[in-house]
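Chemist: Please see the structure below; I have some questions.
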Amino acid sequence: MDKIVIRGGERLIGEVEVSGSKNATLPIFASSLLAEGTHRFHNVPDLRDVRTIVEVLHNLGVQVSQEGRVYRIDATHVSNLEAPYDLVKTMRASILVLGPLVARMRRATVSLPGGCAIGARPINLHLMGLEAMGTKIDLRGGYVEARADRLKGADITFDIPTVTGTENLMMAAALAKGTTRLQNAAMEPEVVELANVLTEMGARINGAGTRLIEIEGVDSLQPVEHTIMPDRIEAGTLMVAAGLTRGNIKILNCPIRHMETVVAKLRESGMEIDPEEDGVRVVGTRRIRSVDVKTQPYPGFPTDMQAQFMVLMSLAKGLSIITETIFENRFIHVSELRRMGANIRIQGNTAIIQGVESLSGAEVMATDLRASASLVLAGLAADGLTKVSRVYHLDRGYEALDRKLAKLGADIKRVKEAD
Ligand code: EPZ
Numbered sequence: 109m110d111k112i113v114i115r116g117g118e119r120l121i122g123e124v125e126v127s128g129s130k131n132a133t134l135p136i137f138a139s140s141l142l143a144e145g146t147h148r149f150h151n152v153p154d155l156r157d158v159r160t161i162v163e164v165l166h167n168l169g170v171q172v173s174q175e176g177r178v179y180r181i182d183a184t185h186v187s188n189l190e191a192p193y194d195l196v197k198t199m200r201a202s203i204l205v206l207g208p209l210v211a212r213m214r215r216a217t218v219s220l221p222g223g224c225a226i227g228a229r230p231i232n233l234h235l236m237g238l239e240a241m242g243t244k245i246d247l248r249g250g251y252v253e254a255r256a257d258r259l260k261g262a263d264i265t266f267d268i269p270t271v272t273g274t275e276n277l278m279m280a281a282a283l284a285k286g287t288t289r290l291q292n293a294a295m296e297p298e299v300v301e302l303a304n305v306l307t308e309m310g311a312r313i314n315g316a317g318t319r320l321i322e323i324e325g326v327d328s329l330q331p332v333e334h335t336i337m338p339d340r341i342e343a344g345t346l347m348v349a350a351g352l353t354r355g356n357i358k359i360l361n362c363p364i365r366h367m368e369t370v371v372a373k374l375r376e377s378g379m380e381i382d383p384e385e386d387g388v389r390v391v392g393t394r395r396i397r398s399v400d401v402k403t404q405p406y407p408g409f410p411t412d413m414q415a416q417f418m419v420l421m422s423l424a425k426g427l428s429i430i431t432e433t434i435f436e437n438r439f440i441h442v443s444e445l446r447r448m449g450a451n452i453r454i455q456g457n458t459a460i461i462q463g464v465e466s467l468s469g470a471e472v473m474a475t476d477l478r479a480s481a482s483l484v485l486a487g488l489a490a491d492g493l494t495k496v497s498r499v500y501h502l503d504r505g506y507e508a509l510d511r512k513l514a515k516l517g518a519d520i521k522r523v524k525e526a527d
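Each residue of the sequence shown is one higher than the last, beginning at 109 in the numbering used here.
Structure (structure tokens):
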């Protein structure tokens with residue numbers, strides 16, 4: 109297992125490019141199951157989670173080939189209808205093959221994802237929606253066994269906006285007979301991007317990006333060519349890196365129009381964030397101001413930026429309150445930040461951060477994707493050496509983050525555990 113070693117204190121200066129979005133790629137790759145023929149996807153990020161969804165597709169008999177960031181996916185012959193536990197347990201988003209498989213193949217056996225570090229993360233809303241569309245669901249031996257005739261359109265209301273639940277049911281509804289209405293749907297940009305791809309495939313979808321999405325089912329869909337959108341969470345993580353190091357960077361390919369609440373909060377903390385000709389200029393300030401944040405479904409402040417923002421607040425002047433409303437256990441990074449000198453108290457789903465003058469480098473351990481990013485960020489700002497272990501968590505959702513930061517001037521390198 110690799111470690112990332114950082115000597116803090118270097119200002120980040122220069123240009124950096126954002127990679128394709130992990131949370132757009134995963135549902136779009138799953139959607140390839142809905143059509144016969146070869147899809148072509150460009151700007152696909154080089155991530156562990158992308159390799160996992162490719163493995164899940166291969167296991168279903170789908171042909172996948174890759175040349176750099178271009179993937180060709182041909183799901184004409186789906187020869188297996190099972191997504192096994194040993195794959196799904198490594199990436200819960202594998203559940204995204206359930207809707208497309210039931211819609212096109214009428215059957216699927218997909219392992220229940222189980223919980224993960226940040227919470228129980230049930231899939232009851234995914235299953236409720238599929239049942240409403242005529243799917244018979246049995247839970248047996250840790251697997252979802254789904255059977256259906258042709259799905260039929262239904263009115264489905266989510267009691268909470270679920271991103272992959274909205275995506276799974278939008279894909280299932282695309283081939284159903286009749287119209288499906290998803291109420292209280294997720295509005296994330298990645299949901300809209302999936303709707304755009306489905307529409308390019310021939311689906312009839314209205315309202316993506318609002319709380320009410322209407323899908324009029326069609327008999328078949330066609331393969332598409334599509335370029336994956338940039339990753340707004342990677343972009344936000346890079347912005348925080350500039351904020352922590354009084355840096356001055358230009359982020360290329362930055363999806364700033366999908367980052368309004370994040371940009372607003374970073375500006376409130378004293379950072380300058382200005383769109384330029386071919387990118388976004390991000391300048392950190394010497395005196396970081398404390399800012400309160402409450403995570404919310406899009407367009408609110410994203411839970412996937414909570415850990416990163418907490419690092420910035422740990423060095424802000426004054427007291428800030430961060431409230432996590434999406435997941436029940438997404439403060440795992442706090443104990444490691446405390447070991448670096450952060451002054452953070454937890455009360456239920458609220459973190460109270462008293463800014464400190466400085467953090468000190470330490471040996472820390474990553475526990476989940478965004479927590480690992482926050483530890484790397486803390487290392488950039490801390491005095492001395494920080495060693496982050498278990499960086500396979502980071503590699504799930506960030507493409508070569510250490511190399512991108514090194515190119516901006518950070519003193520950071522990846523070493524083998526044994527070294
Ligand atoms: C997606 O996860 C993202 N993953 C997550 O990003 C992100 O944190 C999350 O949305 C929230 O924005 C992908 O898009 C692949 P949810 P998802 O269903 O869809 C509850 C990252 O770091 N819920 O929107 O699994 C659930 O427990 C990852 O890139 C149910 O109760 O999240 C949570 O409290 C982490 N029943 C809330 O809804 C359900 O059936 C929102 O979860 C489904 C969800």
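In this text, a Cβ means the ideal position worked out from N, Cα and C, and glycines have one as well.
#1: Comparing the CB of residue 360 with every heavy atom of ligand 1, is any distance shorter than 8 Å?
#2: Any heavy atom of ligand 1 closer than 8 Å to the beta-carbon of residue 435?
#3: Cutting at 7 Å between CB atoms, please list the residues of its own chain near residue 517, excluding the five before and the five after it.
#4: When the Cα of residue 465 is compared with those of 194, 396, 384 and 458, which residue comes out closest?
#5: Please state the DSSP three-state secondary structure of residue 361.
#6: Note the first and the last residue of the continuous alpha helix (DSSP H) segment covering residue 142.
#7: How many Å lie between residue 195 and residue 287 at the Cα?
#8: For the beta strand (DSSP E) holding residue 216, just list the boundary residues, first then last.
#9: Got a sec? Which residues, its chain only, sit under 7 Å from residue 275 by beta carbon, not counting five neighbours each side?
#10: State the DSSP-derived secondary structure class of residue 385, mapped to helix, strand or coil.
#11: Run the proximity test for residue 201: is its beta-carbon closer than 8 Å to any non-hydrogen atom belonging to ligand 1?
#12: Can you tell me whether residue 232 is buried or exposed? The criterion is at least 16 other CB atoms within 10 Å of its CB, across all chains shown.
#13: Have a look at 344, 349, 314 and 307 and flag the residue whose alpha-carbon is nearest the alpha-carbon of residue 332.
#14: Report yes if the C-beta distance between residue 423 and residue 489 is below 9 Å; otherwise report no.
#15: Is residue 394 helix, strand or coil when you go by DSSP?
#16: Cβ-heavy atom distance between residue 135 and ligand 1 below 8 Å?
#17: In angstroms with no decimal places, state the Cα-to-Cα distance between residue 342 and residue 449.
#18: Out of curiosity, what's the CA-to-CA distance linking residue 261 and residue 244?
#19: Could you say if the segment 170-190 and the segment 132-152 meet the contact criterion of at least three C-beta pairs nearer than 8 Å?
#20: Kindly examine ligand 1 and report whether one of its heavy atoms sits closer than 8 Å to the Cβ of residue 229.
#21: Closer than 8 Å to a non-hydrogen atom of ligand 1 - does that hold for the CB of residue 304?
#22: Select from 432, 472 and 436 the residue whose C-alpha is nearest the C-alpha of residue 458.
#23: Going by alpha carbons, who is nearest to residue 523 out of 220, 389, 297 and 499?
#24: Taking 8 Å as the cut-off, is the C-beta of residue 321 nearer than that to any heavy atom in ligand 3?
#25: Please confirm if the segment 247-266 is in contact with the segment 201-220, defined as three or more CB-CB distances below 8 Å between the two stretches.
#26: So does residue 412 have its beta carbon nearer than 8 Å to some heavy atom of ligand 1?
#27: So, with DSSP's three-state summary, where would you put residue 525?
#28: Apply the 10 Å Cβ neighbour rule to residue 501 and answer buried if 16 or more other Cβ atoms are within range, or exposed otherwise.
#29: For residue 138 and residue 330, I'd like the C-alpha separation in whole angstroms.
#30: Please name the residue in 468, 411 and 404 whose C-alpha comes closest to that of residue 491.
#31: For a minimum of 4 consecutive residues, which ranges assigned as the alpha helix (DSSP H) are wholly contained in the segment 283-310?
#32: Given residue 362, which residues of its chain have a CB within under 7 Å of its CB, disregarding the five upstream and five downstream residues?
#33: Let me check understanding here. Comparing Cα to Cα, which of 174, 222, 212 and 295 lies closest to residue 199?
#34: Under the three-state reduction of DSSP, which class applies to residue 264: helix, strand or coil?
#35: In this structure, does DSSP put residue 232 in helix, strand or coil?
#36: Do residue 154 and residue 507 have their CB atoms nearer than 9 Å?
Modeler: Quick look at the numbers:
#1: In the sequence shown, counting from the first residue as 1, residue 360 sits at position 252. Residue 360 Cβ: outside cutoff for every heavy atom of ligand 1.
#2: The residue you call residue 435 lines up with position 327 of the sequence shown. Checking the Cβ of residue 435 against ligand 1 gives yes.
#3: Counting from 1 along the sequence shown, the entry for residue 517 is found at position 409. Once the five neighbours on either side are set aside, the close Cβ partners of residue 517 are 118, 119, 120, 121 and 122.
#4: The residue you call residue 465 lines up with position 357 of the sequence shown. Ranking 194, 396, 384 and 458 by Cα distance to residue 465 puts 396 first.
#5: In the sequence shown, the residue the question calls residue 361 occupies position 253. Coil at residue 361, not helix or strand.
#6: Against the sequence shown, residue 142 aligns to sequence position 34. Neither: residue 142 is in no alpha helix (DSSP H) and is coded neither H nor E.
#7: Indexing the sequence shown from 1 puts residue 195 at position 87. Indexing the sequence shown from 1 puts residue 287 at position 179. So the alpha carbons of these two residues sit roughly 33 Å apart.
#8: Taking the first residue of the sequence shown as position 1, residue 216 is located at position 108. Taken as a continuous stretch (DSSP letters only), the beta strand (DSSP E) holding residue 216 covers 215-219.
#9: Numbered from its first residue, the sequence shown carries residue 275 at position 167. Cβ neighbours of residue 275 within its own chain (closer than 7 Å, five residues either side excluded): 135, 204, 299 and 302.
#10: For the purposes of this step, residue 385 is taken as residue 277 along the sequence shown, with counting starting at 1. Reduced to three states, the DSSP call for residue 385 is coil.
#11: The count along the sequence shown starts at 1 and reaches residue 201 at position 93. Answer for residue 201: yes, Cβ within range of ligand 1.
#12: Here the question's residue 232 lines up with position 124 in the sequence shown. Burial call: exposed.
#13: Taking the sequence shown and counting its residues from 1, one reaches residue 332 at position 224. Taking only the C-alpha atoms, the option nearest residue 332 is 307.
#14: Translated into the one-based positions of the sequence shown, residue 423 becomes position 315. Translated into the one-based positions of the sequence shown, residue 489 becomes position 381. Yes.
#15: By 1-based counting over the sequence shown, the position of residue 394 is 286. Residue state, collapsed to three classes: coil.
#16: Taking the first residue of the sequence shown as 1, we reach residue 135 at position 27. Yes, Cβ of residue 135 sits closer than 8 Å to a heavy atom of ligand 1.
#17: On the sequence shown, position 234 is the one that residue 342 refers to. On the sequence shown, position 341 is the one that residue 449 refers to. Approximately 25 Å between the Cα atoms of the pair.
#18: For the purposes of this step, residue 261 is taken as the residue at position 153 of the sequence shown. For the purposes of this step, residue 244 is taken as the residue at position 136 of the sequence shown. When rounded, the distance between both Cα atoms is 15 Å.
#19: yes
#20: Residue mapping note: residue 229 aligns to position 121 of the sequence shown, counting from 1. Yes.
#21: Mapped onto the sequence shown, residue 304 falls at position 196. The answer is no for residue 304.
#22: Position 350 of the sequence shown, counted from the start, is the residue given in the question as residue 458. Of 432, 472 and 436, the residue nearest in Cα terms is 432.
#23: Within the sequence shown, numbered from 1, the residue matching residue 523 stands at position 415. Closest option to residue 523, Cα to Cα, is 499.
#24: Because ligand 3 does not appear in the structure shown, any question about it cannot be addressed here, the ligands present being ligand 1.
#25: yes
#26: As a working mapping, residue 412 is identified with position 304 in the sequence shown. At a threshold of 8 Å, residue 412 counts as near ligand 1, since its beta carbon sits closer than that to one of the ligand's heavy atoms.
#27: In the sequence shown, the residue the question calls residue 525 occupies position 417. Here residue 525 sits in coil by DSSP.
#28: Residue 501 sits at position 393 when you count from the first residue of the sequence shown. It counts as buried.
#29: Counted from its first residue, the sequence shown places residue 138 at position 30. Counted from its first residue, the sequence shown places residue 330 at position 222. If I take the Cα positions, the gap works out to 14 Å.
#30: Here residue 491 refers to the residue found at position 383 when the sequence shown is read from its first residue. Nearest of 468, 411 and 404 to residue 491, Cα basis: 468.
#31: 297-308
#32: If you number the sequence shown from 1, residue 362 lands on position 254. Contacts found: 126, 338, 343, 387 and 388.
#33: What you label residue 199 is simply residue 91 of the sequence shown in a count that begins at 1. Nearest option by C-alpha distance: 222.
#34: Taking the sequence shown and counting its residues from 1, one reaches residue 264 at position 156. In the structure shown, residue 264 sits in a strand (DSSP, three-state: E or B).
#35: Residue numbering aside, residue 232 sits at position 124 when the sequence shown is read from its first letter. Reduced to three states, the DSSP call for residue 232 is helix.
#36: Indexing the sequence shown from 1 puts residue 154 at position 46. Indexing the sequence shown from 1 puts residue 507 at position 399. Yes, the Cβ-Cβ distance between residue 154 and residue 507 is below 9 Å.
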